[in-house]
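Remember, the numbering used here sits 32 above the position in the sequence shown when you count from 1.
Virtual Cβ for every residue (Gly too), placed ideally from N, Cα, C.
If you're wondering where the values come from, they're calculated on a predicted model, not measured in any experiment.
For reference, the structure discussed in these notes is given below.
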Amino acid sequence: MSLLDSVRVLGAMARVTAPSLLDLARGNLDRARVDSRAHWFGERVIELLDIKLNVVGRERVPAGGAYVYMANHQSHLDIPISYAALPSPTIRMLGKTELFQIPLWGRGLRAAEFIEVDRSNHHRALESIEHAARLVRDGVSIWLAPEGTRSRDGTIGTLKKGGFHLALDTRTPIVPVAIAGTIGILPRGTRVMKSGQVVDVTIGAPIQVEGREIADLMTEVRDFLVQHVEGP
């Protein structure tokens with residue numbers, strides 16, 4: 033493990049946050065700029081940490097539509113890895129309040145239309161889902177972790193209903209995304225990153241939600257994640 037690797041990643045974060053805040057001050061921060069910087073950040077993290085990224089299933093996701101991407105959650109690195117792996121050009125993430133409390137970074141996230149989820153406040157959590165729904169209706173794909181928190185051991189936890197309500201209310205297909213290996217780079221409880229690791233991302237085919245029951249959707253998504261993260 034290397035503290036230097038962590039510092040380099042923080043430097044890359046600053047390189048996307050600073051110009052976004054400057055654009056915000058000038059009144060010219062738009063989605064295209066955010067998209068470009070987010071994808072650059074994902075690719076840069078992979079380069080800095082010498083991650084061997086294997087992606088399966090990009091071709092399963094048709095171009096041109098908005099999706100609700102549902103990924104398992106092993107590490108803070110799941111987000112940049114997803115930007116590098118997923119095919120949709122415009123994706124915004126639901127993230128916990130703690131990420132938005134990081135100086136400057138949090139302000140940049142809000143300006144870029146990332147969505148803060150306060151799990152301790154039910155009313156604010158519902159407002160976050162409504163915010164996500166507005167973005168989806170505007171053609172923006174949403175990434176979320178239905179477990180609601182990072183796994184301590186890499187196994188798949190219980191899924192929460194919020195993201196499934198979002199998909200059902202907006203009639204947006206769900207794309208399950210299994211991420212394996214990020215826990216070996218930056219596990220929960222540490223800030224020091226380990227380079228040279230293998231990360232496997234498996235993208236499922238879009239799941240149509242119309243006429244489906246929420247319990248069935250939750251089971252289908254969780255089964256996919258378990259199969260591709262934990263194995264048979």
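In the three-state DSSP reduction, Gly43 falls in the helix class (H, G or I). Taken in chain order, the complete beta strand (DSSP E) segments of 3 residues or longer contained in the segment 99 to 152 are 100 to 103, 123 to 128, 147 to 149. Within the same chain, Cβ atoms closer than 7 angstroms to the Cβ of Asp37 are found at Leu80, Leu81, Met225, Ser227, the five residues on either side in sequence being excluded.
Listed in chain order, the non-local C-beta contacts of Gln259 below 8 angstroms within the same chain comprise Ala210, local neighbours out to five positions each way being set aside. Along the segment 193 to 253, the alpha helix (DSSP H) occurs as fully enclosed runs of 4 or more residues at 194 to 202, listed in sequence order. Inter-residue distance for Ala46 and Ala165 is about 29 angstroms (C-alpha atoms, whole angstroms). With 16 or more neighbouring CB atoms inside 10 Å of its own CB, Ala212 falls in the buried class. As computed with DSSP, Val88 is found in a beta bridge with Thr234. Within the model, the alpha-carbon separation for Val253 versus Gly43 is close to 35 angstroms. When the beta-carbon positions are compared, Gly195 and Met125 stay at least 7 angstroms from each other. Excluding its 5 nearest sequence neighbours in each direction, Phe256 has C-beta neighbours in its own chain below 7 angstroms: Pro208, Ala210, Gly236, listed in chain order. For the pair Thr129 and Arg151, the Cα-to-Cα distance works out to about 8 angstroms. The residues Asn86, Ala212, Gly213, in chain order, have a CB closer than 7 angstroms to that of Asp232 in the same chain once the five nearest residues on each side in sequence are set aside.
Per DSSP, Ser173 lies in no alpha helix (DSSP H) segment; the continuous beta strand (DSSP E) that holds it begins and ends at 173 to 176. Secondary structure of Asp67 (DSSP, three-state): helix. Counting along the chain, Ile161 sits inside the alpha helix (DSSP H) bounded by residues 154 to 169.
Under the 10 Å beta carbon count, Leu167 is surrounded by 16 or more other beta carbons and is classified as buried.
In this structure Glu148 touches Gly127 by the C-beta definition: roughly 7 angstroms separates them, less than 8 angstroms. About 5 angstroms separates the Cβ atoms of Arg90 and Pro119, confirming a contact at the 8 angstroms cut-off.
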